[in-house]
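Beneath this line is the structure, given in structure tokens, with notes to follow.
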Amino acid sequence: MEARHRTAIRQRFADALDGKPIVHLAIPDRYRFMDERLIELLKCRKAPHLR
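Numbering (our numbering), first residue to last: 14 to 64.
Here it is as structure tokens:
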């Protein structure tokens, strides 16, 4: 994630973020919409960041 992406997210969702961190999951943009491999990867990578 580039700094400009992080800045845009913070500006657009400032109220929702309310000081929460933005986490970069480092998933390459090579998957098709709703690809089962992508879904599994998202589940695995997001789990440690959720309470």
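Beta carbons are placed, not taken as given, at the ideal position from N, Cα and C, and that holds for glycine.
Nothing here was measured: the structure is a model prediction, and the numbers come from that model.
Check: Backbone CA spacing between R45 and D28 [nearest angstrom]; Outcome: 31 Å
Check: DSSP three-state assignment for L55, whether helix, strand or coil; Outcome: helix
Check: Beta-carbon contacts of K56 that lie in its chain and below 7 Å, excluding the five residues immediately before and after; Outcome: none
Check: Distance between R50 and G32 (C-alpha atoms, nearest Å); Outcome: 31 Å
Check: Beta-carbon proximity check, R58 vs I40, cutoff 8 Å; Outcome: yes
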